[in-house]
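Colleague: Protein chains in written order, with the numbering used here: chain V, 6 to 191; chain U, 30 to 488; chain Z, 82 to 405.
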Ligand code: NA
Ligand code: NA
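#1: Bridge partners for residue 214 of chain Z per DSSP, in chain order?
#2: Terminal residues of the continuous beta strand (DSSP E) containing residue 121 of chain Z?
#3: Report the start-end ranges of each alpha helix (DSSP H) in the region 411-449 of chain U that is 4 residues or longer and not cut off at the edges.
#4: Let me see if you follow: with CB-CB separation under 7 Å, is residue 134 of chain V close to chain U or not?
#5: Is it the case that the Cβ atoms of residue 441 of chain U and residue 322 of chain U are separated by a distance below 7 Å?
#6: Along the region 384-400 of chain Z, what residues have a CB closer than 8 Å to any CB found in chain U?
#7: Taking only beta-carbon positions, decide if residue 162 of chain V is within less than 7 Å of chain Z.
#8: Please confirm whether residue 158 of chain Z has its beta-carbon closer than 7 Å to some beta-carbon of chain V.
#9: Tell me the DSSP secondary structure of residue 152 of chain Z in three-state form.
#10: Taking 8 Å as the threshold, find out whether the region 130-147 of chain Z comes into contact with the region 188-203 of chain Z through three or more Cβ pairs.
#11: Can you find the residues in the same chain that come closer than 7 Å, C-beta to C-beta, to residue 366 of chain Z, ignoring five residues on each side of it along the sequence?
#12: Does the region 346-353 of chain U come within contact of the region 294-306 of chain U, defined as at least 3 CB pairs closer than 8 Å?
#13: On the three-state DSSP scale, how would you describe residue 190 of chain V?
#14: For residue 95 of chain V, name the three-state secondary structure that DSSP assigns.
#15: Does the region 430-441 of chain U come within contact of the region 163-183 of chain U, defined as at least 3 CB pairs closer than 8 Å?
#16: Sort U:455, U:166, U:142 and U:59 by Cα distance to residue 44 of chain U and report the nearest one.
#17: Under a CB-based cut-off of 7 Å, is residue 191 of chain Z close to chain U?
#18: Measure from the alpha carbon of residue 163 of chain Z to the alpha carbon of each residue in Z:174, Z:151 and Z:173, then state which is nearest.
#19: Need the endpoints of the beta strand (DSSP E) that residue 482 of chain U sits in, please.
#20: Check each candidate in Z:148, Z:146 and Z:127 and name the one with the smallest Cα separation from residue 90 of chain U.
#21: Roughly how many angstroms lie between the CA atoms of residue 308 of chain Z and residue 130 of chain Z, to the nearest whole one?
#22: For a contact defined as C-beta to C-beta under 9 Å, what are the partners of residue 154 of chain Z on chain V?
#23: Give the C-beta separation of residue 426 of chain U and residue 384 of chain U to the nearest angstrom, bearing in mind that I take them to be a contact with Cβ-Cβ under 8 Å.
#24: Less than 8 Å between the CB atoms is what I'm expecting for residue 194 of chain Z and residue 302 of chain Z, so what's the real figure, rounded?
#25: If we ignore side chains and look at the alpha-carbon of each, how far apart do residue 345 of chain U and residue 391 of chain U end up?
#26: Which term fits residue 236 of chain U, buried or exposed, when burial requires 16 or more other beta carbons within 10 angstroms of its beta carbon?
#27: Please say whether residue 96 of chain Z and residue 318 of chain Z have beta carbons closer to each other than 7 Å?
#28: For the beta strand (DSSP E) that contains residue 86 of chain Z, what are its first and last residues?
#29: Name the DSSP bridge partner or partners of residue 205 of chain Z?
#30: Return the chain-ordered list of same chain residues with a C-beta closer than 8 Å to the C-beta of residue 465 of chain U, the five sequence neighbours on each side being excluded.
#31: So what does DSSP say about residue 348 of chain Z, is it helix, strand or coil?
#32: Would you call the region 256-271 of chain Z in contact with the region 278-288 of chain U, where contact means no fewer than 3 C-beta pairs closer than 8 Å?
#33: For my contact list, residue 109 of chain Z and residue 146 of chain Z are in at a C-beta cut-off of 8 Å; report their separation, rounded to the angstrom.
#34: Could you name the residues of chain U that residue 84 of chain V contacts, counting a contact when the two beta carbons are closer than 7 Å?
#35: Pull up the CB-CB distance for residue 81 of chain V and residue 174 of chain V, whole angstroms please, since I reckon it's below 8 Å.
#36: Report the partner residues of residue 246 of chain Z according to the DSSP bridge assignment.
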């Protein structure tokens, strides 16, 4: 049980670290958009890197920005729940409901999504897919593999929450207390 | 057994309606229910395992490779910066001081802000979250009832989908091959009227029940002209600058509405710096808060897209079409009212995109042949009227429980003291107002058709 | 008697879109009728099953049975697909049809698709597009420099060589961007479609000829395993339905444009024809672009060489057989 909690904590720290780095893409995205607006207005272009690849870069950044936060958002418990009927339940009852949800909804969904995203990215890699605009960005597989990575991180988050809830329900009291989630601080 | 195989799509609905309330993250519930029914479909030989492969391309096209949705992270980021840098709070407090003689002045200011914001983005998630971030804390602090605050913000934020630019009108124009310009023009008056209806409602409610929208004491705020001018300079100039940046970059022909979001973020960062609030701590806080919100918005797409895909792959649209035959109606008005009712009810469960994709192709051909003259002057304008009616109607889809995107976005952004129950109760009067507005647009088609005719788009 | 099969087909064009939409529906109807219902085919609007841009991958993986689109959408997979759809300064209707059907074009296209586990049947052919909508008249080549234009496909590379800054706006943002001057011009489609999309409300100069798209081939793409599962008769039915749609695309496409153009001029649109000076400049730039692409992609070179060889041989007939 102690080991489970340890792994769960380690996963949460990893997710937090990765999310922190990718969060800076907000600033990058603002910069890239402003760059496109301004250079377009004054008619300046980096040769071979005009508006088309820059506009594609924008959605690449946008994609990475949420993909790498999906899992972290789950361990931070910010994904939307309709909890009108369950908000009043005891923490133990809620932990049981969570495990039910994990097994019935989250784990099958994550398995299917991760599997197909891998095929999706692998296809792009084998075919050396690039932008459908001839002067757009090459190497589409890079951003497609980001989706795979993001879903793997989501899988890790699901595993982490599952372990935590198990410790909460079945662990010795001191461990169970430590496994109880911190109040959602979002 | 045969019956089950044919009606899996409906059963999927019923199961979702119940199981959604176990309190597990909505996105996972939607995805998980869809998966289970896909597997059932395989069992009944009406679904193929390979079809699950459509999940990723759908996520890809709807969420990732989607230039227009970049507006979401940008407006969320902008809203968070404004909240954390105190700009929003000062603006709202100043607005309340200025409108203190009007009942519900603060709520009215929020509706007006939402109307202005609607002209800068066509994405509801963007405006609802931004409005919640900047307005809700101040409204609660000033003693406004939670229900009224939430309802005001959700309805004002949803105006963005009706008042141009609007991603929804663009997609509808695409599906029905109607000029985006004509659609945009036709939606302006209904949007403005809707905003007015909200204002009137807030005014009447606040006058009748001051406890829900407490007015400022008559002696609150600046007493002299000098103080008033100082307040205006301090609280109004910065947001005015920001509105100038966003609106100006669109209407000055610098940027598309999506890009204007990015320009607005740069402006908000500048304001935070000007206020002396921009530092590493503030920036990392803002990033974390907005990235979490952004992630949850897009994660709902992950689940919802699988749900609507499986619904359609199991023959859901056929069931919708059969419904019409089963009800046995055929005159133009009957079909029109039926469609409006259906869209409204579908809005409880689906988002606007899926409703458009299901309803428009099924019913548009049926309605194309009916004659609505003399109710509308020229029958060739019928499609335009019909599409905008659907657009007005679909606003409710964002607000109606259990599955309303605007509600989800709010839920993620509100302080813990505001529950889903407050949100559900809060939006009810505004949904009623929306239905009244829809009925008005049906009774008086000129609300929709007058402006495009005035600009000569309909000859 | 053929076994009854259920097939889902997604069109990349809305069923209401002039010419393209009805013709996609026509293919579906013909397949259903000609097969006596043994192919129970269902039409889906663009995006109903997968986003239009993802139809290729979905058909390849078998998630989607069929899609009605155009090879030109898949240049991200291989730029050679452009040659089977449309290329700048490419052939017109008759010559294109001759190359595709008799000059080995369709076969070469099918070989390329086969690498991706897809079977393709040529299923549409439509007349030229317009060159684009411009807010201001373009008087000299100098006017093109710094122009902001929404442009997609290989023609964008041509425009860039002439100093145009090409943008990738999504279809829905084009209208407002053109209205407010965020872009100065846009390439879009042929008169009958452009009319219903309303660009004349915001731009008054409509340029011709559409040098970047003289004719456009569309096709029905089918998952390979699905195609193989059809009986010989069912395959024949699909090919016959597609041939009929090609015929319909050409005849209907030609017949619809004049009325649309007349209506556009009555709404105050100026129809402008590029002077030979412009066309020469576009063609010269295009030759550079084509050479660059051929150097980059062997598949493109193969298709491009085949088309060029056919056109060179064809020229002796084209120059004499037709009134100039
Ligand atoms: Na809007
Ligand atoms: Na709803």
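Glycine residues also receive a C-beta, built at the ideal position from the N, C-alpha and C atoms.
None of these values were measured; they are calculated from a predicted model.
Modeller: Working from what's here:
#1: The partner list for residue 214 of chain Z (beta bridge, DSSP) reads Z:267 and Z:287.
#2: 120-125
#3: 411-428 and 434-442
#4: The Cβ of residue 134 of chain V sits no closer than 7 Å to any Cβ of chain U.
#5: yes
#6: Result list empty, no residue passes.
#7: No, no contact with chain Z.
#8: Output row for residue 158 of chain Z: interface = yes.
#9: The three-state reading of DSSP puts residue 152 of chain Z in helix, counting H, G and I together.
#10: yes
#11: 239, 242 and 243
#12: With the cut-off at 8 Å, the region 346-353 of chain U and the region 294-306 of chain U do not touch.
#13: Here residue 190 of chain V scores only 38 on pLDDT, less than 50, and its place in the model is too uncertain to base an answer on.
#14: Looking at residue 95 of chain V - three-state DSSP - the assignment turns out to be coil, as it is neither helix nor strand.
#15: yes
#16: U:59
#17: no
#18: Z:151
#19: Unbroken run through residue 482 of chain U is the alpha helix (DSSP H), 475-483; no beta strand (DSSP E).
#20: Looking from the CA of residue 90 of chain U, the closest CA among Z:148, Z:146 and Z:127 belongs to Z:127.
#21: Each residue's Cα considered, the two are about 20 Å apart.
#22: 137
#23: 6 Å
#24: Cβ-Cβ separation between residue 194 of chain Z and residue 302 of chain Z: approximately 7 Å, consistent with a contact (criterion under 8 Å).
#25: 12 Å
#26: Residue 236 of chain U is exposed by the Cβ-count criterion.
#27: no
#28: That run of the beta strand (DSSP E) goes 86-92.
#29: Z:299
#30: 226, listed in sequence order.
#31: coil
#32: yes
#33: 12 Å between Cβ atoms; not a contact.
#34: What residue 84 of chain V touches in chain U: 54, 56, 325 and 328.
#35: Actually they are not in contact, since the Cβ atoms of residue 81 of chain V and residue 174 of chain V sit about 21 Å apart, beyond 8 Å.
#36: Z:229
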